[in-house]
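Engineer: Residue numbers (full-length UniProt numbering): 1 to 335.
Ideal placement from N, C-alpha and C gives every residue a C-beta, glycine not left out.
Given the structure is predicted, the values throughout are model-derived calculations rather than measurements.
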Amino acid sequence: MPVTSVTTDEQALTLTIIADFPVPARCLWDAYTDPRQIERFWGPPEYPATFTRHDAYPGGRSHYFMTGPDGDHSPGFWEWDSVEAPHRFTVRDGFAEDDNGTASAIMPTMTMDFEFTDTGTEDAPGSRVTTVTSFNSLEELEKLTAMGMIEGTRAAMGQIEAVLADLASFAAGNGTGLQRIGETQARVSRVICGSVDQVWRAHTEAELLQRWQLGPDGWSMPVCQAGTSVGDIYRSEWRNDATGEQFGFTGEVVDIAAPHRLVTTETMISPDDPTGAKSPRTLNEMTLTPVGDGTLLSYLITYPDADIREQVLATGMVDGLESSYARLEQEVLPQ
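1. Hey, how far is the Cα of leucine 13 from the Cα of threonine 131?
2. According to DSSP, which residues form a beta bridge with asparagine 100?
3. Beta-carbon within less than 8 Å of glycine 214's beta-carbon, same chain only, minus the 5 sequence neighbours each way: which residues are those?
4. In the DSSP output, what is histidine 54 paired with across the bridge?
5. Given alanine 155, which residues of its chain have a CB within under 7 Å of its CB, disregarding the five upstream and five downstream residues?
6. Are residue 368 and isoleucine 192 touching if we call contact CB-CB under 8 Å?
7. Among residues of its own chain, excluding the 5 on either side of residue 346, which ones have a beta-carbon nearer than 8 Å to its beta-carbon?
8. On the CB-based measure, 16 or more other CB atoms within 10 Å of its CB, does glutamate 122 come out buried or exposed?
9. From Ile18, Arg88, Thr282 and Ser62, pick the residue whose C-alpha is nearest to that of threonine 39; which is it?
10. So, is the C-beta of isoleucine 181 closer than 8 Å to a C-beta in chain C?
11. I'd like to know whether the C-beta atoms of aspartate 166 and proline 24 end up nearer to each other than 8 Å.
12. Which partner residues does threonine 16 have in the DSSP bridge list?
13. So, is glycine 76 buried or exposed, given that buried needs 16 or more other C-beta atoms within 10 angstroms?
14. Hey, how far is the Cα of serine 127 from the Cα of serine 134?
15. Out of curiosity, what's the CA-to-CA distance linking methionine 66 and threonine 7?
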């Protein structure tokens, strides 16, 4: 078991857990900041976690839920207080009333400090994560301990080794991945070989977008209006240069935290439906997270219903995104 020490300090109102792993600290850091990885170990085996938001920057938030063996649903949230990548971060962790991270009115919150240190050598890498959880009162510490917090944490952290043994699955070069979440959501993920700032600019500057977001071969992007502030309307249109066929997308910027998070609505437009009034609307949440070999781009897409989600995914959307991201790396980021 990777957990080597569990210490409760009733005077300081803290719970300290130390765990050691045979990988560089950077790999351990990425496991905690990549939603694809952390959801494989944040919950105990019988209560796996699903992260629908994981910002990993100061002022950001994480929303997750755990699903029990009988289908019971337990949502939670983090508020990211400080981040010193790739060494340390501090969050406020709490129970939530819903999947949007609304703090529970009856359950306590805790402050959790995670520190990642290298303990090995270049030839024999090793790392340690030290987690210090601070409680608001002795009553809260005793309550959560009685609820099985220590046993649950041990069981959850016992899964980290399997995640670290499968790092190749999360690395650059694997293309664009798709994960269905619940009935109406899908998460598209890809590690892009570029910095967070570079990838952000490529998604928010029209002249860069027009160099890589071109659509299928034979199509051009004559209209590209980017949105960079809440309330801005963006619009992108593509044209088949041989047939004259046209389509596009438009929407509104709902939330923005440059250079990490961009939330927009999206609806398809066409000459027959120039405003998108006849098309379903999605909510698209893009998050950029620095990882060891580039930038992890995560898109969480919320569809109106399950049928529309499957219809859109069946169009080859993920393959189209992969072609665009490959073009982004080849045509834009090297410069």
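Structural biologist: So, to answer that:
1. 14 Å
2. Bridge partners of asparagine 100: none, in fact.
3. Checking the sequence shown, residue 214 turns out to be leucine, not glycine. Hits under 8 Å: Ser220, Met221, Trp238, Ser324 and Arg327.
4. Ser62
5. Pro44 and Pro45
6. This structure leaves residue 368 out entirely; the chain is present only between 1 and 335.
7. Past the boundaries of the shown model lies residue 346; the chain is included only from 1 to 335, so the question cannot be answered.
8. exposed
9. One point to set straight first is that residue 39 is glutamate, not threonine, in the sequence displayed. The option with the nearest alpha carbon to glutamate 39 is Ser62.
10. Annotation note: the requested chain C is absent from the structure, which comprises a single protein chain.
11. no
12. Thr7 and Val132
13. buried
14. 23 Å
15. 25 Å
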